[in-house]
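So the sequence shown is residues 1 to 176, counted in this note's numbering.
Cβ atoms here follow ideal geometry from the backbone N, Cα and C, with glycine treated the same way.
Below you'll find the structure, written out as structure tokens, and then a few comments.
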Amino acid sequence: MQNEKKRLRAEVNSTVEVHGQTVPDRCARCGRRYRERTREAARWNADFKSGFVTGLICPGCQTGAENLEAEINLIEAEHSERVDWLSLNQEERAELIVRAIEQRAVAVVRRHRDLASMAGETTLAIDVENWVKEAVDGWPGIAGQSSEVWKTAYAIAEDTIRSIIEASGQANDPDA
Numbered sequence: 001m002q003n004e005k006k007r008l009r010a011e012v013n014s015t016v017e018v019h020g021q022t023v024p025d026r027c028a029r030c031g032r033r034y035r036e037r038t039r040e041a042a043r044w045n046a047d048f049k050s051g052f053v054t055g056l057i058c059p060g061c062q063t064g065a066e067n068l069e070a071e072i073n074l075i076e077a078e079h080s081e082r083v084d085w086l087s088l089n090q091e092e093r094a095e096l097i098v099r100a101i102e103q104r105a106v107a108v109v110r111r112h113r114d115l116a117s118m119a120g121e122t123t124l125a126i127d128v129e130n131w132v133k134e135a136v137d138g139w140p141g142i143a144g145q146s147s148e149v150w151k152t153a154y155a156i157a158e159d160t161i162r163s164i165i166e167a168s169g170q171a172n173d174p175d176a
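Right, here's the structure in full:
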């Protein structure tokens, strides 16, 4: 009976929250335990299936692409502070969403410009509608928000993308 209680406690306490979803605190591939306070913790990645987090992937089990993604996440988070979303008031949450969507929209335009440049194209084939979806739908921070927040996020992304295109004066140079 004592072992059963121990096992139950371990099972209940062996989860972490990732992108708003509770998942086991072990690597989905090898079973290694995730420890948040270790130096290596930032190199762990979430494993997604159909847009849902299904578990964590330890650095040893990651593919090259997954490892690169974890390193990029680590660099981006290096100078940021962790904040509990629920501790923020509505205005602070809205501001974070706006900033994130604007940054993602800029990154989407930049990525498409770079892809066109690498392909040797001299002009950028502009597809605002799909770029807006790419900027908003690809951000896990928008998950669980109301439809009004989603609509606003789409409008912000569209406005940002159109502003970049207009400000550049050239379809292939959004940084101008």
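Closest by C-alpha distance to residue i, when choosing among the options
| i | options | result |
| --- | --- | --- |
| His-112 | Ala-155, Gly-120 and Leu-124 | Leu-124 |
| Gly-60 | Lys-151, Tyr-34, Val-108 and Ile-75 | Tyr-34 |
| Gly-141 | Ile-164, Ala-70, Val-53 and Arg-110 | Val-53 |
| Asn-67 | Glu-40, Leu-115, Val-132 and Thr-152 | Glu-40 |
| Arg-29 | Glu-36, Cys-58, Thr-22 and Ala-42 | Cys-58 |
Straight-line gap, residue i to residue j (C-alpha atoms, nearest Å)
| i | j | result |
| --- | --- | --- |
| Ala-94 | Ser-146 | 12 Å |
| Pro-174 | Ile-97 | With a pLDDT of only 45 at Pro-174, under 50, the local geometry of the prediction cannot be trusted, and the value read off the model is given with reservation. Looking at the two C-alpha atoms, the distance is approximately 22 Å. |
| Ala-105 | Glu-69 | 19 Å |
| Arg-162 | Trp-44 | 36 Å |
| Asp-127 | Ser-50 | 25 Å |
| Ser-117 | Gly-31 | 43 Å |
| Pro-24 | Ala-65 | 23 Å |
| Asn-89 | Thr-38 | 30 Å |
| Glu-36 | Asp-114 | 36 Å |
| Glu-92 | Thr-122 | 41 Å |
Exposure label - residue i; buried when at least 16 CB within 10 Å
| i | result |
| --- | --- |
| Ile-72 | exposed |
| Val-109 | buried |
| Val-27 | Strictly speaking, residue 27 in this sequence is Cys, with Val absent from that position. Its Cβ being crowded by 16 or more others within 10 Å, Cys-27 is buried. |
| Gln-62 | buried |
| Glu-158 | buried |
| Glu-134 | buried |
| Ile-75 | exposed |
Cβ neighbours of residue i in the same chain (closer than 8 Å, five flanking residues each side left out)
| i | result |
| --- | --- |
| Phe-48 | Thr-54 |
| Val-149 | Ile-97 and Ile-142 |
Contact with chain C by residue i, beta-carbon distance below 7 Å
| i | result |
| --- | --- |
| Ala-94 | Protein chains in the displayed structure number just one, and chain C is not present. |
Chain-order list of residues whose beta-carbon lies under 7 Å from that of residue i (same chain, five-residue window excluded)
| i | result |
| --- | --- |
| Thr-160 | Glu-102, Ala-105 and Val-106 |
| Ile-156 | Val-98, Ile-101 and Glu-102 |
| Tyr-154 | Val-132 and Val-136 |
| Gly-120 | none |
Assigned secondary structure, residue i (DSSP; H/G/I helix, E/B strand, else coil)
| i | result |
| --- | --- |
| Thr-160 | helix |
| Thr-22 | strand |
| Cys-27 | strand |
| Leu-96 | helix |
| Arg-33 | strand |
| Gly-130 | According to the sequence shown, residue 130 is Asn rather than Gly. Asn-130 falls in the helix class under three-state DSSP. |
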